[in-house]
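Here's the structure, in structure tokens; my notes come after.
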Amino acid sequence: MMTEDEAMRRAVALAARGLGTTSPNPVVGCVLLDADGDMAGEGFHAYAGGPHAEIVALAQAGERARGGTALVSLEPCNHTGRTGPCAQALINAGVRRVVIAVDDPTPVAAGGAATLRGAGVQVATGMRRAEAEDGNIAWLTAVRRGRPYVTWKFAATLDGRSAAADGTSQWITSAPARTDVHELRSTVDAIIAGVGTVIADDPQLTVRELRNGRLAITQPLRVVVDSGGRTPAGARVRDAAAPTWIATAAEVGTDADGRVDLPALMTALYARGIRAALLEGGPTLAGSFLAAGLVDQVVGYVAPKLLGDGRSAVVGAGVTSIAEAIELDFTDITQVGADLRFTASLRPKPE
Ligand SMILES: NC(=O)c1ccc[n+]([C@@H]2O[C@H](COP(=O)([O-])OP(=O)(O)OC[C@H]3O[C@@H](n4cnc5c(N)ncnc54)[C@H](OP(=O)(O)O)[C@@H]3O)[C@@H](O)[C@H]2O)c1
């Protein structure tokens, strides 16, 4: 026997396995309990175009789905996209009850709960909603705002420096923190960097050193924000290891300073199916993103070092007085190797 609550917790955990590979779709997990309340099947949506979580769980459960209960982290879809509607598949399988954590906010896929109810299936919503929303935060925020969910990641010393006075900046943090960054990259669809960083550090911006020898299934799109196309011909971001977009002002649009228009860049990335993006700096580009209100979450790796002088992790974020400070809430603080990793979400500004 498994309680519905335990099954939903499992469905939310399963959903997370799809992070980084389902866009433009959400991550979804599903657990099917048979009529006796025993686990009969489970599944998650692994990649866009692949079977939805409910379909994987139904295939596993077979006849045991009849009279059973499905626990899904997101409302079952009601439309025929690349795959058939999941609401109908649940009805056809004879599922008696469906418990949904979060409603689908997209007009095209919503309506699954109504279809189920119309067919006489018992539907309950809201179980473990906060957890399930959290697990799908990038996708939910992206579809609500029509732009990718942006996580700004930086590494700094205890005194907030991202480079020393002489400009050297590599290896501020320890090896475990750098591996952690690769894990973070593996959960997003795009990695964004300014041309300043590309010229200074020549980063490759790919997913490489995952834990336990895992290999990346897909590589995020590398986006270089480069108004005039200064990215060197031999830059590593131009190699064949991952797709790259050198986003110039001519292609994207120009802001008041003649640089790449960031809201237009976000709209263009959303149109390309990007739902979660990792902004990897540097300080100038991060400042512009923050000033434009385009950062949703910050992940900072703080090394137990002091540099005294050197560049701040962010410059020009449009803040001049303490009253204008950008406010965040810590959502996680973890020690990674010798460093601290904090995660914080930006407080939405009052409309
Ligand atoms: N510790 C860390 O976490 C970290 C992370 C990354 C980088 N860094 C360090 O940061 C340094 C480079 O940073 P940086 O500030 O010089 O460069 P950056 O932020 O990587 O790139 C800034 C450049 O992006 C271009 N850009 C295009 N549109 C823009 C817009 N709307 N707003 C802002 N910039 C726009 C501009 O060049 P154009 O006008 O030519 O387009 C601008 O000069 C390096 O030393 C690197 O090591 C540290």
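Per my numbering, residue 860 is the first one in the sequence shown, and the count goes up by one each step.
All C-beta atoms in this analysis are idealised placements derived from N, C-alpha and C, irrespective of residue type, glycine included.
If contact is defined by three or more beta carbon pairs under 8 Å, each pair taking one atom from either stretch, is the region 1051-1060 in contact with the region 1123-1140? Enough Cβ pairs lie closer than 8 Å, so yes.
If you measure from the beta carbon of His-911 to each beta carbon in chain D, is any gap under 7 Å? Structure shown: chain D not included; a single protein chain is present.
At what residues does the beta strand (DSSP E) containing Tyr-1160 begin and finish? Here residue 1160 refers to the residue found at position 301 of the sequence shown. Note, Tyr-1160: beta strand (DSSP E), 1156-1162.
Is Thr-1143 near ligand 1 - that is, is its Cβ less than 6 Å away from at least one heavy atom of it? As a position in the sequence shown, residue 1143 is number 284, starting the count at 1. Yes, Cβ of Thr-1143 sits closer than 6 Å to a heavy atom of ligand 1.
Take Pro-952 and list the residues in its own chain whose beta-carbon comes closer than 6 Å to its own, dropping the five residues that flank it on each side. The residue you call residue 952 lines up with position 93 of the sequence shown. What sits at residue 952 in the sequence shown is Ala, not Pro. So the list reads Leu-917 and Ala-924, once near-sequence residues are dropped.
Quick one: using the 10 Å Cβ neighbour count with 16 as the cut-off for buried, is Phe-1217 buried or exposed? The requested residue 1217 is not part of the displayed model; the chain covers only 860 to 1210.
Whole-angstrom distance between Asp-1060 and Asp-1039, CA atom to CA atom: Here residue 1039 refers to the residue found at position 180 when the sequence shown is read from its first residue. Here residue 1060 refers to the residue found at position 201 when the sequence shown is read from its first residue. Cα to Cα, the separation comes out at about 19 Å.
State yes or no: is the C-beta of Asp-1188 nearer than 6 Å to some heavy atom of ligand 1? For the purposes of this step, residue 1188 is taken as residue 329 along the sequence shown, with counting starting at 1. The answer is no for Asp-1188.
7 Å Cβ cutoff met for Ala-1176 and Gly-1146: Numbered from 1 along the sequence shown, position 317 holds the residue referred to as residue 1176. Numbered from 1 along the sequence shown, position 287 holds the residue referred to as residue 1146. The answer is yes: Cβ separation under 7 Å.
Supposed close pair Ser-1204, Asp-1168 - CB separation, criterion 8 Å: Position 345 of the sequence shown, counting from 1, holds the residue named residue 1204. Position 309 of the sequence shown, counting from 1, holds the residue named residue 1168. At roughly 31 Å, the Cβ-Cβ gap does not stay under 8 Å, so Ser-1204 and Asp-1168 are not in contact.
Whole-angstrom distance between Leu-999 and Tyr-1129, CA atom to CA atom: By 1-based counting over the sequence shown, the position of residue 1129 is 270. By 1-based counting over the sequence shown, the position of residue 999 is 140. Using only the alpha carbons, I get a separation of about 13 Å.
How many angstroms separate the CA atom of Ala-894 from the CA atom of Val-982? On the sequence shown, residue 894 is found 35 positions in, with the first residue counted as 1. On the sequence shown, residue 982 is found 123 positions in, with the first residue counted as 1. Those two C-alpha atoms are separated by around 16 Å.
Which class does Val-1082 belong to by DSSP, given the choice of helix, strand or coil? To locate residue 1082, count along the sequence shown from 1; it is residue 223. Val-1082 falls in the strand class under three-state DSSP.
Going by beta carbon distance, what residues of the same chain come within less than 7 Å of Met-860, once the five residues before and after it are set aside? Looking up residue 860 in the sequence shown gives position 1. Within the same chain, Met-860 has close Cβ partners Gly-896 and Asp-897.
Does any heavy atom of ligand 1 sit closer than 6 Å to the C-beta of Thr-1016? Reading the sequence shown from its first residue, position 157 is the one you call residue 1016. Outside the cutoff, so no.
Determine whether the beta carbon atoms of Ala-872 and Glu-934 lie at a separation below 7 Å. In the sequence shown, the residue the question calls residue 872 occupies position 13. In the sequence shown, the residue the question calls residue 934 occupies position 75. In this structure, Ala-872 keeps its C-beta atom at 7 Å or more from the C-beta atom of Glu-934.
Cβ pair count under 8 Å reaching 3, the region 982-994 against the region 954-970: The region 982-994 is in contact with the region 954-970.
Give the secondary structure of Cys-936 by DSSP, where H, G and I count as helix, E and B as strand, and everything else as coil. Position 77 of the sequence shown holds residue 936. In this structure, Cys-936 counts as coil in the three-state DSSP scheme.
Ends of the alpha helix (DSSP H) at Gln-919? Taking the first residue of the sequence shown as 1, we reach residue 919 at position 60. Note, Gln-919: alpha helix (DSSP H), 912-920.
From Gly-1019, Leu-1080, Ile-1058 and Ala-1015, residue whose alpha carbon lies closest to that of Thr-1046: Within the sequence shown, numbered from 1, the residue matching residue 1046 stands at position 187. Among Gly-1019, Leu-1080, Ile-1058 and Ala-1015, the Cα nearest to that of Thr-1046 belongs to Leu-1080.
Return helix, strand or coil for Ala-1015, following the three-state DSSP convention. Locating residue 1015 in the sequence shown gives position 156, counting from the first residue. Three-state DSSP puts Ala-1015 in a strand.
Short of 8 Å in beta carbon distance, which residues of its chain neighbour Pro-944, apart from the five on each side in sequence? Order them along the chain. Locating residue 944 in the sequence shown gives position 85, counting from the first residue. Around Pro-944: Pro-935, Cys-936, Asn-937, His-938, Gly-971 and Thr-974.
With H, G and I counted as helix, E and B as strand and the rest as coil, what does DSSP make of Gly-1055? Here residue 1055 corresponds to residue number 196 of the sequence shown, with the count starting at 1. In the structure shown, Gly-1055 sits in a helix (DSSP, three-state: H, G or I).
Closer than 6 Å by C-beta to Phe-903: which residues in its own chain qualify, once you throw out the five before and the five after it? Chain order, please. As a position in the sequence shown, residue 903 is number 44, starting the count at 1. These residues qualify, in order along the chain: Leu-873, Ala-874, Arg-876, Gly-877, Gly-888 and Ala-912.
I'd like to know whether the C-beta atoms of Arg-868 and Val-890 end up nearer to each other than 7 Å. Taking the sequence shown and counting its residues from 1, the one referred to as residue 868 is at position 9. Taking the sequence shown and counting its residues from 1, the one referred to as residue 890 is at position 31. No.
Identify, in the order they occur along the chain, each residue of the same chain with its Cβ nearer than 8 Å to the Cβ of Leu-1043, setting aside the five sequence neighbours on each side. Here residue 1043 is taken as the residue at index 184 of the sequence shown, counted from 1. These residues qualify, in order along the chain: Thr-1010, Lys-1012, Leu-1137 and Val-1158.
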